[in-house]
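Asks: Before I ask anything, let me first share the structure, which is written out below as structure tokens.
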Amino acid sequence: MRKITLYTLLGLTVLALACMYTAYRFVGMLPDSDIKADLKGLSAPAYSEIDNYGIPTIHANNKEDAFLLLGFITARDRLFQMDLLRRHMAGRLAEVMGPELKNTDRWHRVMGFEQVAHAIVERLPQEQKRVLEAYALGVNQAIKSLAVLPPEFSLLGYNPSAWRPEDSLLVILGMEEDLGWTGDEERMTTVMEAALPKSVTQFFLPPVDLYTTRLLNGKASTAIPSIPTKELSALLHNIGNPEYYAGLATKAPPPKGSNGWVVGSAKTWDGRAILANDMHLSLRVPNIWYRAEIRYGDVALTGLTLPGVPLLVVGSNGNVAWGFTNIEGDFVDLVSLEINPTDAGSYRTPKGWMKFNEREETVKVKGEADLTFRVQSTEWGPVLPEFSSVTPTAVHWVALDPEATDLHLLDLDAAKNVIAAQKIFNQAGGPPLNALVADNQGNIGWTYTGKIPKRFGLDGSVSRSWANGLVGWAGYILPEELPRLLNPPSGFIVNANQRMLDSSYPYVIGHYFDHGYRAYRISERLLEAKNITEREMFALQLDTKAEFYRFYQQLALSLLGKSQDKEQIHLAEILNKWDGFAERDSVGFAVLVEFRKLLLDAVISPFMVKCREHDPKFRFTSTMADVPLQQLLTAKPPSLLPDKQHFPNWEAFLLKLLIQAEGKVLAGHSANFQEVFAWGTVNQVAIAHPFSDSLPLLQRWLDMPQAAVSGCDECVRMYTPGIGDSERLIVSPGREGNGILHMPGGQSGHPLSPHYGDQQQAWTEGIVLPLEAGTSQHRLEFVPITELQN
């Protein structure tokens with residue numbers, strides 16, 4: 001949001017406090033109250049009990065009634081969040097929040113998600129439409145029932161419009177975008193292909209790492225490439241001052257991924273199967289998930305819902321428990337367009353020259369004139385304006401196909417066993433994901449859910465022209481062709497966003513998988529474990545062993561080994577004390593993390609200079625970057641020393657980077673040496689409300705308390721600023737009373753609600769909270785209302 005003057009800030013703060021106080025006084029808008037309400041659309045009386053954490057347990061006559069109540073209750077807790085989620089995907093944020101958001105609005109208008117959502121609703125089966133309509137009816141009746149809207153609406157000066165079935169689809173598409181957009185990686189690879197020798201591109205983009213190779217029992221797609229010394233050496237000539245290429249290679253952003261695993265009857269203490277799932281997403285206030293228990297007929301669902309969507313996303317139905325992790329696959333292709341040299345308004349297709357489809361979009365901007373622009377579309381998808389300086393490019397993306405998204409996962413409510421659940425997963429649309437499942441008979445399984453393209457003539461790693469008809473997509477992999485795993489001999493299945501399939505699988509799933517360390521560490525622990533219980537699974541979710549960084553510790557110590565400098569000797573002592581974990585009190589780890597960041601930039605960036613000449617916005621980020629980096633740091637070829645002008649050898653070059661890493665950790669700290677080098681000093685969790693930067697006087701009430709936290713972005717307990725475990729779920733189907741469920745923040749989006757942050761401390765400290773709702777504290781009763789009564 002825009003910077004605001006002190007007077008405006010004070011005025012908004014006073015207004016915010018007044019709105020929050022007024023909202024708090026109107027207890028009817030908060031979930032911690034007893035109410036009786038007439039609801040249109042109910043087929044029979046229904047009720048919901050609310051426990052001491054604000055978690056609802058819904059009791060209804062049928063599925064439509066249950067999700068009508070879920071819409072009503074969720075909107076009372078999360079209405080502003082729901083409105084932002086749909087506005088974000090529809091490209092309508094700038095009209096209420098200002099010009100800083102007009103570019104993201106423009107992106108979403110170009111993609112046309114609003115039109116996609118409408119088309120999805122039009123083609124859904126009637127039973128799914130009825131659930132969507134019931135949910136929307138519940139949301140809209142909740143809006144009307146609120147004596148005072150959530151304070152954010154007053155601060156921004158608008159009222160929410162009615163909720164539509166399309167809005168629920170926009171929220172689902174938002175998750176697809178968050179998890180599945182790989183256009184930036186494909187653009188990077190396309191530039192590398194054009195600018196660098198093939199051997200260099202292959203070297204810096206290996207398909208697997210050593211951990212993944214071990215997990216696949218050596219059956220990786222290809223071997224890790226060797227160092228192409230001659231080609232790399234040629235790239236170092238005349239690259240100029242290091243300041244010119246600094247920042248070309250950066251640490252890859254942590255994947256919007258997850259940990260997920262299931263253990264079968266042979267590994268547990270009494271033959272039960274147990275599921276563990278923690279999904280790594282952006283941390284925000286309120287949290288992305290909403291806890292709920294839903295009961296109708298003989299169905300009993302327990303787990304997490306996504307505000308705005310009538311679906312139990314992860315959890316248990318008593319017979320099966322399921323969870324998801326991101327595939328990190330490739331479901332986006334960039335299509336290089338061949339423009340007609342005599343008519344810029346047409347492009348080449350297999351059927352000949354075709355005119356661009358064009359439409360006009362207008363983004364309303366609060367405080368500024370409207371932004372009006374034209375969007376061009378092709379038979380493959382919209383033209384991306386940000387690629388115009390490189391090559392005209394269209395995007396072909398599963399998320400933009402109305403046939404690829406649905407609510408088929410609703411059918412999980414009736415799944416009786418792993419095989420039945422896998423069939424539902426394989427038939428469902430929505431974000432392509434790894435689906436892990438356990439049943440109450442001790443069985444475990446894994447498969448894919450979502451639509452995965454069948455490519456021909458290309459692998460999708462780089463942009464290609466599709467004009468000749470020899471490359472493209474031939475629909476999606478059929479449900480029966482998707483891979484499945486059931487009760488493997490190991491007794492467990494693990495996915496932590498790593499590659500799951502070797503080269504024998506006939507279809508391309510992706511290129512940008514995460515490295516295999518987290519999955520390897522989880523597997524290592526599970527191989528050793530016997531008589532597993534839910535508590536032991538929870539302890540594994542909190543595991544912070546960071547053996548991934550052992551290479552960088554040994555490298556650093558080798559550089560300091562012969563030093564006579566007192567400060568360097570002391571640094572060596574600090575690094576020797578590292579215990580191999582990323583706990584808050586782990587000494588020395590912060591230096592290793594910073595050292596790795598500097599190495600990625602200083603060692604790899606010089607080889608990427610030619611990429612910048614092709615694309616000024618180029619940045620090299622790869623989850624597999626440590627593979628080539630460690631090869632170079634192990635071999636240290638003299639001809640590949642990145643900065644020969646200033647350093648005589650690799651050792652001097654690397655030592656300078658290590659000292660810089662120490663300086664960055666020490667910067668701004670006045671505490672004693674031991675405290676400064678403790679990981680918790682720099683690894684701080686800070687989860688903020690969207691308005692807190694603009695209303696600093698209210699940060700105390702809007703944000704979760706900042707605290708040191710264990711974990712790292714390579715750990716099983718994944719945390720890096722802004723991204724972490726958005727939930728931690730442990731459940732054995734049929735034994736939900738032993739289950740565990742964590743999420744940061746709380747159920748409510750209202751800052752003055754007692755449930756705004758009452759689960760935060762348990763999440764931060766790793767304190768067990770039960771999966772099932774506790775003793776009822778409040779009761780919400782609902783009775784049907786007829787059209788004549790309305």
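Per UniProt numbering: the sequence shown ends with 790, consecutive numbering throughout.
Glycine included, each C-beta is placed from N, C-alpha and C at the ideal position.
These figures come from a predicted structure and were not determined experimentally.
1. Check the C-beta distance from glycine 329 over to leucine 436 and give it rounded, since I have them as a contact under 8 Å.
2. Hey, would you say phenylalanine 595 sits closer than 8 Å to tryptophan 578, going by beta carbons?
3. Using DSSP's beta-bridge definition, name the partner residues of aspartate 278.
4. Relative to the alpha-carbon of proline 616, which residue among Tyr520, Val709, Tyr244 has its alpha-carbon at the smallest distance?
5. Please state whether DSSP places alanine 292 in a helix, a strand or coil.
6. Whose C-beta lies closer than 7 Å to the C-beta of isoleucine 172 among residues of the same chain, with five residues either side of it excluded?
7. Applying the criterion that 16 or more other CB atoms from any shown protein chain within 10 Å of the CB defines a buried residue, is lysine 355 buried or exposed?
8. For the stretch 142-152 and the stretch 75-86, state whether three or more C-beta atom pairs, one from each stretch, are separated by less than 8 Å.
9. Between proline 228 and serine 199, how many whole angstroms is the CB-CB distance? I'm expecting something under 8 Å.
10. Can you give the Cα-Cα distance for threonine 372 and valine 363, rounded to whole angstroms?
11. At what residues does the alpha helix (DSSP H) containing leucine 487 begin and finish?
12. According to DSSP, is isoleucine 785 part of a helix, a strand, or is it coil?
13. If you drop the 5 nearest sequence neighbours on each side, which residues of the same chain put their C-beta closer than 6 Å to that of lysine 610?
14. Does the separation of the CB atoms of glycine 739 and glutamine 759 fall below 8 Å?
15. Suppose the cutoff is 7 Å on Cβ atoms and the five residues either side in sequence are ignored; what does the same chain contact list for histidine 646 look like?
16. Taking a contact to mean a Cβ-Cβ separation below 8 Å, would you say residue 803 touches histidine 280 in this structure?
17. Examine the Cβ distances between the stretch 297-307 and the stretch 706-721 and report whether three or more of them are shorter than 8 Å.
18. May I have the straight-line CA-CA distance separating asparagine 317 from alanine 300, to the nearest angstrom?
19. State the Cα-Cα distance for the pair serine 692 and alanine 292, rounded to the nearest angstrom.
20. Counting only runs that start and end within the stretch 432-457, where is the beta strand (DSSP E) found for 3 or more residues in a row?
21. Out of curiosity, what's the CA-to-CA distance linking leucine 482 and tyrosine 448?
22. Report yes or no: do three or more beta-carbon pairs, one from the stretch 535-550 and one from the stretch 634-652, lie closer than 8 Å?
23. Measure the Cβ-Cβ separation of alanine 252 and alanine 625 and say whether it is below 8 Å.
24. Classify proline 207 as buried or exposed, calling it buried when 16 or more other Cβ atoms lie within 10 Å of its own Cβ.
25. Ends of the alpha helix (DSSP H) at isoleucine 574?
26. Assign arginine 735 to one of three DSSP states: helix, strand, or coil.
27. Identify, in the order they occur along the chain, each residue of the same chain with its Cβ nearer than 8 Å to the Cβ of proline 392, setting aside the five sequence neighbours on each side.
28. Helix or strand or just coil, what does DSSP make of serine 336?
29. What do you reckon, are the CB atoms on leucine 68 and glycine 183 nearer than 8 Å?
30. With 16 as the cutoff for other CB atoms within 10 Å, does leucine 729 come out buried or exposed?
31. Using C-beta distances below 7 Å, list every residue in its chain close to asparagine 62, excluding the 5 sequence neighbours before and after it, in chain order.
32. Can you tell me whether arginine 499 is buried or exposed? The criterion is at least 16 other CB atoms within 10 Å of its CB, across all chains shown.
33. Starting from isoleucine 723, follow the beta strand (DSSP E) in both directions and report where the run begins and ends.
34. Which residue's Cα is closest to the Cα of serine 732: Ser145, Gly315, Arg214, Thr775?
35. With a threshold of 7 Å on Cβ separation, who are the neighbours of alanine 266 within its own chain once the five nearest residues in sequence on each side are excluded?
36. Output needed for alanine 719: all residues of its chain with C-beta closer than 8 Å, excluding positions within five of it in sequence on either side, in chain order.
Replies: Let me lay it out:
1. Approximately 16 Å separates the beta-carbon atoms of glycine 329 and leucine 436; this is outside 8 Å, ruling out the contact.
2. Cβ atoms of phenylalanine 595 and tryptophan 578: not closer than 8 Å.
3. DSSP output for aspartate 278 lists Asn259 as bridge partner(s).
4. Among Tyr520, Val709, Tyr244, the Cα nearest to that of proline 616 is on Tyr244.
5. Strand.
6. A distance below 7 Å between beta-carbons, with the five flanking residues on each side excluded, links isoleucine 172 to the following residues of its chain, in chain order: Val309, Thr405, Gly430.
7. Exposed: under 16 other Cβ atoms inside 10 Å.
8. At 8 Å Cβ cutoff, the stretches touch.
9. Confirmed, about 4 Å.
10. Looking at the two C-alpha atoms, the distance is approximately 6 Å.
11. Reading off the sequence, residue 487 comes out as asparagine, not leucine. Note, asparagine 487: premise wrong, no alpha helix (DSSP H); not H, not E.
12. Strand, per DSSP.
13. Excluding residues within five positions, the ones whose Cβ falls inside 6 Å are Ala195.
14. No, these two residues do not count as a Cβ contact at 8 Å.
15. Contacts found: none.
16. Missing from the structure shown is residue 803; the chain here goes from 1 to 790 and no further.
17. By the C-beta criterion, the stretch 297-307 is judged not to be in contact with the stretch 706-721, since fewer than 3 inter-stretch pairs fall below 8 Å.
18. Taking the straight line joining both Cα atoms gives about 5 Å.
19. Spanning the two alpha carbons is a distance of roughly 28 Å.
20. Within the stretch 432-457, the complete beta strand (DSSP E) runs of at least 3 residues are 433-439, 444-449, 453-456.
21. A straight line joining the alpha-carbon of leucine 482 with that of tyrosine 448 spans about 7 Å.
22. No, because fewer than three Cβ pairs between the stretch 535-550 and the stretch 634-652 fall closer than 8 Å, the two stretches do not touch.
23. For the pair alanine 252 and alanine 625, the CB atoms are nearer than the 8 Å cut-off.
24. Within a 10 Å sphere around the beta-carbon of proline 207 sit 16 or more other beta-carbons, which makes this residue buried.
25. Segment 566-576, the alpha helix (DSSP H) holding isoleucine 574.
26. Three-state result, arginine 735: coil.
27. Excluding residues up to 5 positions away in sequence, Ser336, Leu337, Ile339, Tyr347, Val383 lie with their Cβ nearer than 8 Å to the Cβ of proline 392 in the same chain.
28. Serine 336: strand per DSSP, three-state reduction.
29. At a Cβ-Cβ threshold of 8 Å, leucine 68 and glycine 183 do not count as neighbours.
30. Looking at its Cβ environment, which holds 16 or more other Cβ atoms inside 10 Å, leucine 729 is buried.
31. Leaving aside the five residues that flank asparagine 62 on each side, the residues in its chain whose CB is nearer than 7 Å to its CB run, in chain order, Ser43, Tyr296, Gly297.
32. By the 16-neighbour rule on beta-carbons within 10 angstroms, arginine 499 is buried.
33. Run containing isoleucine 723: 723-725, per the beta strand (DSSP E) assignment.
34. Looking at the Cα atoms, Gly315 is the closest of the given residues.
35. Counting only Cβ-Cβ distances below 7 Å, and skipping sequence neighbours, we find Gly491.
36. First, the amino acid is wrong: residue 719 is tyrosine here, not alanine. Excluding sequence neighbours, tyrosine 719 sits near Asn683, Val685, Val709, Ser710, Gly711, Cys712, Asp713, Asp725.
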